[in-house]
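For reference, the structure discussed in these notes is given below.
In this note's numbering, the protein residues as written are 620 to 900.
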């Protein structure tokens with residue numbers, strides 16, 4: 620009960636301060652130089668984030684950076700910030716607390732580490748000269764693919780030797796992919812099954828999987844170019860919500876299927892990583 624009263628008092632004080640700020644600008648003067656108030660509704664984020672990181676930029680500078688607990692702002696308070704009456708870019712995401720490293724406005728995943736399960740969103744705001752407040756609704760979209768890898772008949776004798784792709788970072792201003800070597804070992808789930816998260820890639824990406832199988836006559840192993848299969852299936856790395864996919868390897872062939880899609884990609888793998896491919900309805 621005490622906590623609830625404190626929350627109400629805090630909300631009232633915030634609203635009172637906002638009113639004082641706006642009243643300090645006379646209706647007779649140019650209001651473009653007066654600040655306006657941004658209210659961010661985070662109620663749509665509860666299922667995908669407990670903690671939300673929020674940043675705001677103008678084209679010239681960073682305005683603010685905050686971290687908030689989603690449940691707290693759903694139950695009692697609204698998240699409010701004073702912003703200028705001009706173009707503002709607002710971004711928010713569910714953390715990246717473990718495996719990403721900051722480099723300016725870039726979040727980069729170091730070699731050997733797997734990208735976190737990143738959910739993020741962005742709003743591009745344009746404030747009118749007479750607009751005293753703006754309400755935005757935070758929405759989180761899936762910024763990674765989870766690839767499930769299954770070896771159908773290897774008897775558990777397979778060894779994944781490498782997995783790599785060409786983009787390992789995000790721009791925090793728009794979550795566009797940034798080039799860099801993403802190299803990680805997929806996580807073993809059990810005999811013949813693995814999973815790996817892939818960060819959002821560019822259209823020109825190359826995704827490579829190398830593996831070997833004990834007792835195989837091909838001692839130098841095999842390599843698949845997964846990106847070619849995804850392109851043939853018209854997988855779009857620019858989709859706001861990235862879909863997961865499954866790669867199944869059996870004998871000298873492999874099959875790629877995207878979540879909820881009927882089409883599959885079938886490739887025939889031979890020694891040295893060459894393959895023939897086709898689209899099968």
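Ideal Cβ placement from N, Cα and C applies to all residues, glycine included.
In this structure, residue 668 sits near residue 713, with a CB-CB distance shorter than 8 Å.
Residue 689 carries a helical assignment under DSSP once its states are collapsed to helix, strand and coil.
In this structure, residue 861 lies away from residue 733, with their beta-carbon atoms at least 8 Å apart. Fewer than three Cβ pairs drawn from the stretch 735–742 and the stretch 798–812 lie within less than 8 Å of each other, which leaves the two stretches out of contact. Counting along the chain, residue 850 sits inside no beta strand (DSSP E); it lies in the alpha helix (DSSP H) bounded by residues 845–851.
By the Cβ test, the stretch 743–753 is not in contact with the stretch 811–828, since fewer than three Cβ pairs between them sit closer than 8 Å. If you draw a straight line from the Cα of residue 821 to the Cα of residue 786, it comes to about 7 Å. Separation of residue 790 and residue 872 (C-alpha to C-alpha, rounded to the nearest whole angstrom) is 37 Å. Taking every protein chain shown into account, the CB of residue 722 has fewer than 16 other CB atoms within 10 angstroms, so this residue is exposed. DSSP places residue 754 inside the beta strand (DSSP E), whose first and last residues are 752–756.
Beta-bridge partners of residue 717 (DSSP): none assigned. Within the DSSP bridge table, the entry for residue 764 names 817 as partners. Around the Cβ of residue 683, a 10 Å sphere holds fewer than 16 other Cβ atoms; the residue is exposed. DSSP places residue 663 within a helical segment (H, G or I) once states are collapsed to three. Within the model, the alpha-carbon separation for residue 856 versus residue 670 is close to 26 Å. In this structure, the CA atom of residue 729 is about 17 Å from the CA atom of residue 794. Exposed is the label assigned to residue 771, since fewer than 16 other Cβ atoms lie within 10 Å of its Cβ.
According to DSSP, residue 796 shares a beta bridge with 789. The C-alpha of residue 679 is placed about 38 Å away from the C-alpha of residue 849. Minimum Cα-Cα distance from residue 652 among the listed residues 798, 782, 863, 702 corresponds to 702. When the Cα atoms are used, residue 664 and residue 731 turn out to be separated by approximately 30 Å. Contact between residue 672 and residue 658 does not hold, since the beta-carbon distance rounds to 18 Å and is not under 8 Å. Looking from the CA of residue 858, the closest CA among 829, 694, 760 belongs to 760.
Taking a 10 Å sphere around the C-beta of residue 876, we find 16 or more other C-beta atoms and assign the residue as buried. Residue 661 and residue 758 have their C-alpha atoms some 8 Å from each other.
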